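Below is one structure; the comments refer to it alone.
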Amino acid sequence: MASNATWLRIRGRIAFDETREAKAKVFEQMPDLLRIYPKGADDELVVTFFFTEAVATLFSFSEAPKNIPLFSNRSS
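Following this note's numbering, the numbering of the sequence shown begins with 1088 at its first residue and continues without gaps.
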């Protein structure tokens, strides 16, 4: 592995969105998924979720890890 290799790790909490609309949006954004899930948004195997809290950490063999907040502190 190259000494300048980097990788990203994301940690957080998720929530599931089981609505058909959320599933349809996934196939709208990534139509190639229809090759794997030919029933599209009606496929029971498709699961959609989103992060409610998250932080990404960029790791490298040559530098210290860098935390990257993915959400600003905001009120609901």
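Ideal Cβ placement from N, Cα and C applies to all residues, glycine included.
Predicted model only: the values in this text are computed from it and were never measured.
Where does the unbroken alpha helix (DSSP H) through residue i begin, and where does it stop?
i: E1108; result: 1107-1116
Who are the Cβ neighbours of residue i in its own chain at under 8 Å, not counting the five residues just before and after it?
i: V1113; result: L1120, A1128, V1133, T1135
i: T1139; result: G1099, R1100, I1101, A1102
Do you know offhand how far residue i's Cα is from residue j's?
i: N1154; j: F1146; result: 9 Å
i: Q1116; j: D1130; result: 16 Å
i: A1109; j: F1148; result: 38 Å
i: L1157; j: E1105; result: 23 Å
i: T1093; j: F1137; result: 24 Å
i: A1151; j: A1141; result: 20 Å
i: P1118; j: N1091; result: 34 Å
By Cβ distance below 6 Å, which residues in the same chain neighbour residue i in space, the five residues on each side in sequence not counted?
i: A1111; result: A1128
i: R1096; result: T1144
i: R1107; result: A1128
i: Y1124; result: D1130, V1133
What first and last residue would you give for the beta strand (DSSP E) that runs through residue i?
i: I1142; result: Here residue 1142 is Val; the residue named in the question, Ile, does not match the sequence. Where V1142 is concerned, the enclosing beta strand (DSSP E) stretches over 1136-1147.
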